[in-house]
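*Asks:*
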Amino acid sequence: MASWCAARTFNIPPINAGVLHRRASWAAGIGGASVAGTAMWRSSSSKRSSPFLCLSLSTDARIKEAVQTEKAPAALGPYSQAIKANDLLFVSGVLGLVPETGKFVSDDVEDQTEQVLKNIGEILKSGGASYASVVKTTILLADLKDFKKVNEIYAKWTPRLQATVVHNSLVTIFLNLLRTMLTYFPSPAPARATYQVAALPLDAKIEIECIAAL
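Letter by letter, the sequence shown follows residues 124 to 337 in my numbering.
1. Using the rule of at least 16 other Cβ atoms within 10 Å of the residue's Cβ for burial, across every protein chain shown, is A189 buried or exposed?
2. Rounded to a whole number of angstroms, what is the C-alpha to C-alpha distance between V221 and P309?
3. Assuming V232 contacts L218 under a Cβ cut-off of 8 Å, what Cβ separation, rounded to an integer in Å, is found between them?
4. For I206, which beta-bridge partners are listed by DSSP?
5. Could you check which residue in A327, Q319, L325, E332 has the C-alpha nearest to that of P313?
6. For T261, which option in Y318, A197, K328 has the closest C-alpha, if you only look at C-alpha atoms?
7. For Y254, which residues does DSSP report across the bridge?
8. Go ahead and pull the three-state DSSP assignment for E223.
9. Go through its chain and collect everything with a Cβ distance to K272's Cβ below 8 Å, but skip five positions before and after it.
10. Assign L337 to one of three DSSP states: helix, strand, or coil.
11. What do you get for I186, buried or exposed, if any count of 16 or more other CB atoms within 10 angstroms of its CB means buried?
12. Going by DSSP, what residues sit across from K271 in a beta bridge?
13. Output needed for L337: all residues of its chain with C-beta closer than 8 Å, excluding positions within five of it in sequence on either side, in chain order.
14. Could you pull the DSSP bridge partners for T236 from this structure?
15. Label R199 either buried or exposed according to how many other C-beta atoms from any shown protein chain fall within 10 Å of its C-beta, with 16 as the threshold for buried.
16. Quickly, what does DSSP pair Y318 with across the bridge? List them, please.
17. Relative to the C-alpha of P324, which candidate in F270, K279, G216, E275 has its C-alpha closest?
18. Throw me the rounded Cβ distance for the A195 and N242 pair, which I believe falls under 8 Å.
19. Confirm, please, whether the CB-CB distance from L263 to I329 is below 9 Å.
20. Could you work out which residue in V320, E245, D326 is closest to Q191 when comparing CA atoms only?
21. Using DSSP with H/G/I as helix, E/B as strand and the rest coil, what is I329?
22. Count the other C-beta atoms from every protein chain shown that fall within 10 angstroms of the C-beta of V214, then say buried if there are 16 or more, exposed otherwise.
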């Protein structure tokens, strides 16, 4: 925080303080930094005192924090696995790579999809979020013909809270509860967009990015 005060008797452009309110506030953004100021008109009991303006500037900017975990694939370029900012977690595009080897889990789009979702979960956890926190996902496919396969896997991880008793079978109850526990995105499912692209890094079949609320 820095402050500057200038008397009107100095060699500065004359300012008609009479047209100002007793206290007028203004704010402007410069290069991503916030600048806030207050214009004040003051007078003393002395008739010889000159009104002056006092300007206060603040260059405080919202801080962004990088998220990094070894339980998810390392970034392939000059970017972070995720960034925290403004109570949101922005997860970069994730591929179906195995963190320990840096190689794809397989060439199968279904296997890559499940690995991608698993990797996203680790990044979310490292950033203080969870699958339940996700509000938006974006899916990039090398071939839109794979959409049905990907969607089926994605959908099976969206919980359908059912605990149906069939013939009083405890096994059925257990399986339904287990199915609920092994879900990614709780209902209501996050907003989503899906696109086919010309190519993905490392010739991946799928890439997913997401945004989560903190």
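Backbone N, C-alpha and C fix where the C-beta goes; we use that ideal spot for every residue, glycine too.
*Replies:* Concretely, from the data shown:
1. Exposed, because fewer than 16 other Cβ atoms sit within 10 Å of the Cβ of A189.
2. Here the alpha carbons of P309 and V221 stand approximately 25 Å from one another.
3. At roughly 12 Å, the Cβ-Cβ gap does not stay under 8 Å, so V232 and L218 are not in contact.
4. Residue pairing for I206: DSSP places it in a beta bridge opposite A189, F213.
5. If we check each option's Cα against that of P313, E332 comes out closest.
6. Among Y318, A197, K328, the Cα nearest to that of T261 is on Y318.
7. Note: Y254 sits in no beta bridge, so no partner.
8. Residue state, collapsed to three classes: coil.
9. The answer, listed in chain order, is V232, E233, T236.
10. Assigned with DSSP and collapsed to three states, L337 falls in coil, not helix or strand.
11. Here I186 is exposed. Its C-beta has fewer than 16 other C-beta atoms within 10 Å.
12. In the DSSP output, where bridge partners are listed per residue, K271 has none listed.
13. Cβ neighbours of L337 beyond the five flanking positions: K207, D210, L211, L212, G250, G251, A252, S256.
14. T236 pairs with nothing; no bridge assigned.
15. One point to set straight first is that residue 199 is Leu, not Arg, in the sequence displayed. Classification for L199: exposed.
16. According to DSSP, Y318 bridges with L263.
17. It is G216 whose Cα lies nearest to the Cα of P324.
18. Confirmed, Cβ separation roughly 4 Å.
19. The answer is yes: Cβ separation under 9 Å.
20. A check of alpha carbon separations from Q191 across V320, E245, D326 identifies E245 as the nearest.
21. I329: strand per DSSP, three-state reduction.
22. V214 counts as buried, since at least 16 other C-beta atoms from the protein chains shown sit within 10 angstroms of its C-beta.
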